[in-house]
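Enquirer: One structure, pasted below without further comment.
In UniProt numbering, the protein residues as written are 1 to 574.
This is the structure:
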């Protein structure tokens with residue numbers, strides 16, 4: 001692989017220009033934008049930068065730390081600066097883990113394309129490396145970071161800094177003794193080969209050596225029979241152990257002579273244990289093997305809380321990058337806290353805090369792009385809605401327009417069912433989850449109880465005349481409270497102000513106080529207004545289902561936007 005990298009560095013035009021270096025603008029925030037000189041190092045695996053071409057460079061990132069390269073159009077930060085920098089001149093370096101992205105703006109579209117193509121070529125090359133090549137690359141990166149003066153040698157003081165970088169706590173005297181053992185040339189510093197021996201001494205695993213020596217007769221290598229014995233006793237391999245031993249030796253023994261003699265050295269043994277073949281996880285369980293045809297509420301769901309936050313919950317940054325990371329890791333339920341924003345556009349942030357704000361429509365665009373890259377099972381959008389009536393209309397518009405066919409807006413095949421659909425049936429769909437509304441059945445029961453109470457009052461109390469101590473006269477305050485409660489009950493549902501042809505879309509929760517009282521309808525009037533063709537009008541429907549609003553018009557303060565349909569009386573436990 002090293003020779004392949006060197007060949008590319010000598011022949012690929014993009015990599016040649018990257019080695020010469022380029023002035024680009026490094027963008028951290030909307031206000032922090034500074035010119036820096038970026039250059040690909042001669043090893044082809046590290047990028048360094050400085051304030052000027054002649055200034056002292058410092059390492060910026062390693063190619064092995066890069067996950068992917070994004071275009072400027074996909075950068076949340078660069079989109080905010082579109083009036084200052086053309087998006088075609090920008091790109092983003094996305095790193096593994098929680099390291100922040102690196103946004104760069106080149107001086108021309110051509111320069112940006114050169115760096116994007118070159119970096120992606122090297123990232124793909126690293127991804128194709130085997131275990132040994134990855135180990136060699138890692139050692140080379142450690143050596144480069146430790147060699148601060150770039151003289152190709154490592155002093156003990158530089159080795160101490162390396163231990164800090166590796167998060168290794170070690171006694172200074174013991175570390176110096178390992179350094180002297182590796183210093184074969186007695187020059188008080190280490191070359192690259194000596195550094196490899198120093199690293200092996202640092203990472204020595206005595207428990208692994210004990211296992212190796214228990215099965216090895218000469219303590220230096222494992223013969224084929226000895227390796228088969230290890231596979232059977234320790235790895236619990238059965239009848240196919242001999243064939244597996246030959247396969248593993250051919251795959252992990254670094255010495256060609258060892259492969260010919262069918263023996264495994266200590267390095268090969270350690271390489272095997274660190275590989276996927278030595279993983280304790282059963283590889284047969286990597287593909288989906290569970291029954292995915294059960295109702296959705298029967299499963300544990302990989303969920304995320306405050307997904308939009310990439311910092312702390314008080315004054316941290318809100319970013320669509322939080323959604324991208326969660327979805328890339330297989331998350332199937334993400335949280336969106338929506339609040340009223342400027343210019344009529346809802347925003348997402350941690351309410352009543354100093355966290356930054358992002359547009360609701362940008363979140364939806366991100367979900368539409370990344371929802372099913374890691375898994376095609378349904379994505380649940382857990383919506384915490386704090387918006388006013390008008391901005392809820394805007395939210396409904398964005399949901400339907402941006403998510404399109406991905407959004408589940410009706411029951412599957414338009415049929416009513418008595419249980420929630422399965423993950424298998426919901427593949428490729430985005431479901432919106434919110435608060436559960438009061439059901440028509442509950443309201444109907446309250447009406448019946450209310451009618452019975454009124455009937456009892458009309459008929460008069462059926463009491464024993466010999467019991468004068470019972471006061472049968474209602475108190476004025478009680479009557480006023482009852483009248484208020486009765487009036488309140490009559491305004492629990494209302495007709496959706498937007499035209500809606502979707503099932504159950506006519507029923508919604510109590511409207512905000514800003515809605516005119518004239519459009520509030522009683523339950524009887526509301527039910528009469530439902531078309532006879534709508535399944536909601538069927539008595540059988542009310543016996544088995546809990547209607548919930550699922551139309552874009554049902555966007556009130558306590559109303560779940562386009563939420564999971566009324567397949568059961570409860571939402572899945574998340």
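Glycine included, C-beta positions come from ideal geometry on N, C-alpha and C.
It should be emphasised that the depicted structure is a prediction, and the values quoted were computed from it without experimental measurement.
According to DSSP, simplified to helix, strand and coil, what is residue 398?
Expert: Numbered from 1 along the chain shown, position 398 holds the residue referred to as residue 398. Of the three classes helix, strand and coil, the one that applies to residue 398 here is helix, per DSSP.
Enquirer: Which parts of the stretch 90 to 160 are runs of the beta strand (DSSP E), unbroken and 3 residues or longer, counting only runs that do not cross its ends?
Expert: Entirely contained in the stretch 90 to 160, the beta strand (DSSP E) runs reaching 3 residues are, in chain order, 90 to 95, 102 to 105.
Enquirer: Assuming residue 229 contacts residue 212 under a Cβ cut-off of 8 Å, what Cβ separation, rounded to an integer in Å, is found between them?
Expert: Counting from one through the chain shown, the residue named residue 229 turns up at place 229. Counting from one through the chain shown, the residue named residue 212 turns up at place 212. That pair is no contact at about 12 Å.
Enquirer: Per DSSP, which one or two residues make a beta bridge with residue 385?
Expert: Along the chain shown, one-based indexing puts residue 385 at 385. Note: residue 385 sits in a beta bridge opposite 338.
Enquirer: Within 10 angstroms of its Cβ, does residue 7 collect 16 or more other Cβ (buried), or is it exposed?
Expert: Within the chain shown, numbered from 1, the residue matching residue 7 stands at position 7. Label assigned to residue 7: exposed.
Enquirer: How big is the Cα-Cα spacing for residue 133 and residue 139?
Expert: In the chain shown, counting from the first residue as 1, residue 133 sits at position 133. In the chain shown, counting from the first residue as 1, residue 139 sits at position 139. Each residue's Cα considered, the two are about 10 Å apart.
Enquirer: Following the continuous alpha helix (DSSP H) through residue 242, name the residue where it begins and the one where it ends.
Expert: On the chain shown, residue 242 is found 242 positions in, with the first residue counted as 1. Its alpha helix (DSSP H) spans residues 241 to 252.
Enquirer: Name the two residues that bound the continuous alpha helix (DSSP H) containing residue 431.
Expert: Position 431 of the chain shown holds residue 431. Not the alpha helix (DSSP H): residue 431 falls in the beta strand (DSSP E), residues 430 to 433.
Enquirer: Closer than 6 Å by C-beta to residue 20: which residues in its own chain qualify, once you throw out the five before and the five after it? Chain order, please.
Expert: As a first step, residue 20 is located in the chain shown; it is residue number 20 there, counting from the start. Answer for residue 20: no residue qualifies.
Enquirer: Which one of 336, 341, 80 has the shortest CA to CA distance from residue 432?
Expert: As a first step, residue 432 is located in the chain shown; it is residue number 432 there, counting from the start. With distances taken between Cα atoms, residue 432 lies closest to 336.
Enquirer: Please classify residue 333: does DSSP put it in a helix, a strand, or coil?
Expert: Against the chain shown, residue 333 aligns to sequence position 333. DSSP places residue 333 in strand when its eight states are reduced to three.
Enquirer: Any contact of the stretch 102 to 119 with the stretch 70 to 80, i.e. 3+ C-beta pairs under 8 Å?
Expert: Yes, they touch.
Enquirer: Can you list, in chain order, the residues of its chain with a C-beta nearer than 7 Å to that of residue 292? Leave out the 5 residues immediately preceding and following it.
Expert: What you label residue 292 is simply residue 292 of the chain shown in a count that begins at 1. Counting only Cβ-Cβ distances below 7 Å, and skipping sequence neighbours, we find 422, 423, 424.
Enquirer: From 370, 98, 338, pick the residue whose C-alpha is nearest to that of residue 352; which is it?
Expert: Locating residue 352 in the chain shown gives position 352, where the first residue counts as 1. The shortest C-alpha separation from residue 352 is found at 338.
Enquirer: On the premise that residue 67 lies in contact with residue 47, defined as a C-beta separation below 8 Å, what is that separation, rounded to the nearest angstrom?
Expert: Within the chain shown, numbered from 1, the residue matching residue 47 stands at position 47. Within the chain shown, numbered from 1, the residue matching residue 67 stands at position 67. Not confirmed; about 15 Å, so no contact.
Enquirer: If I'm right that residue 366 touches residue 320 with Cβ under 8 Å, what's the distance once you round it to whole angstroms?
Expert: In the chain shown, counting from the first residue as 1, residue 366 sits at position 366. In the chain shown, counting from the first residue as 1, residue 320 sits at position 320. Sure, about 4 Å apart at Cβ, within 8 Å.
Enquirer: Look at residue 118 and residue 14 and say whether their C-beta atoms are less than 7 Å apart.
Expert: Translated into the one-based positions of the chain shown, residue 118 becomes position 118. Translated into the one-based positions of the chain shown, residue 14 becomes position 14. Yes, Cβ-Cβ distance for residue 118 and residue 14 is below 7 Å.
Enquirer: Is the distance from the Cβ of residue 342 to the Cβ of residue 387 below 7 Å?
Expert: Here the question's residue 342 lines up with position 342 in the chain shown. Here the question's residue 387 lines up with position 387 in the chain shown. No, the pair does not count as a contact, with Cβ atoms beyond the cut-off.
Enquirer: Taking DSSP's pairing of strands, which residues face residue 348 in a bridge?
Expert: Within the chain shown, numbered from 1, the residue matching residue 348 stands at position 348. Bridge partners of residue 348: 338, 358.
Enquirer: Note the first and the last residue of the continuous alpha helix (DSSP H) segment covering residue 69.
Expert: Within the chain shown, numbered from 1, the residue matching residue 69 stands at position 69. Here residue 69 belongs to no alpha helix (DSSP H); instead the beta strand (DSSP E) covers 66 to 71.
Enquirer: How is residue 49 classed by DSSP in three states: helix, strand or coil?
Expert: Against the chain shown, residue 49 aligns to sequence position 49. Strand.
Enquirer: Identify every residue that forms a DSSP beta bridge with residue 575.
Expert: Nothing about residue 575 can be read from this structure; the chain reaches only from 1 to 574.
Enquirer: Give a yes or no on contact between the stretch 231 to 245 and the stretch 181 to 200, applying the rule of three or more CB pairs nearer than 8 Å.
Expert: No, they do not touch.
Enquirer: Just to confirm, are residue 295 and residue 382 a CB contact at a threshold of 7 Å?
Expert: As a first step, residue 295 is located in the chain shown; it is residue number 295 there, counting from the start. As a first step, residue 382 is located in the chain shown; it is residue number 382 there, counting from the start. Contact: no.
Enquirer: Considering Cα atoms alone, identify which of 374, 210, 316, 318 is closest to residue 330.
Expert: In the chain shown, the residue the question calls residue 330 occupies position 330. Measuring from the Cα of residue 330, the nearest candidate turns out to be 374.
Enquirer: Thinking residue 254 and residue 267 are a contact (beta carbons under 8 Å), I'd like their distance in whole angstroms, please.
Expert: Numbered from 1 along the chain shown, position 254 holds the residue referred to as residue 254. Numbered from 1 along the chain shown, position 267 holds the residue referred to as residue 267. Rounded, the Cβ-Cβ distance is 6 Å, consistent with contact.
Enquirer: On the DSSP letters alone, give me the boundaries of the beta strand (DSSP E) that residue 40 sits inside.
Expert: Within the chain shown, residue 40 is the residue found at index 40, counting from 1. It spans 33 to 40 - the beta strand (DSSP E) in which residue 40 sits, taken as one unbroken run.
Enquirer: Let me make sure I understand the geometry here. Which of 303, 163, 198, 169 has the alpha-carbon closest to that of residue 180?
Expert: Position 180 of the chain shown holds residue 180. Of the listed residues, the one whose Cα sits closest to residue 180 is 198.
Enquirer: Is the Cβ-Cβ distance between residue 307 and residue 348 less than 7 Å?
Expert: In the chain shown, counting from the first residue as 1, residue 307 sits at position 307. In the chain shown, counting from the first residue as 1, residue 348 sits at position 348. Not closer than 7 Å, so no.
Enquirer: Let me make sure I understand the geometry here. Which of 398, 390, 188 has the alpha-carbon closest to that of residue 368?
Expert: Against the chain shown, residue 368 aligns to sequence position 368. Minimum Cα distance to residue 368 is reached at 398.
Enquirer: For residue 280, count neighbouring Cβ atoms within 10 angstroms of its own Cβ and tell me buried if that reaches 16, exposed if not.
Expert: Indexing the chain shown from 1 puts residue 280 at position 280. Classification for residue 280: exposed.
Enquirer: Tell me where the beta strand (DSSP E) around residue 58 begins and ends.
Expert: Reading the chain shown from its first residue, position 58 is the one you call residue 58. Residue 58 -> beta strand (DSSP E) spans 58 to 62.
Enquirer: So, are the CB atoms of residue 332 and residue 302 less than 7 Å apart?
Expert: What you label residue 332 is simply residue 332 of the chain shown in a count that begins at 1. What you label residue 302 is simply residue 302 of the chain shown in a count that begins at 1. In this structure, residue 302 lies closer than 7 Å to residue 332 by Cβ.
Enquirer: By a C-beta neighbour count over all protein chains shown, 10 Å radius and 16 as the cutoff for buried, is residue 53 buried or exposed?
Expert: Translated into the one-based positions of the chain shown, residue 53 becomes position 53. Answer is exposed; the Cβ neighbour count stays below 16.
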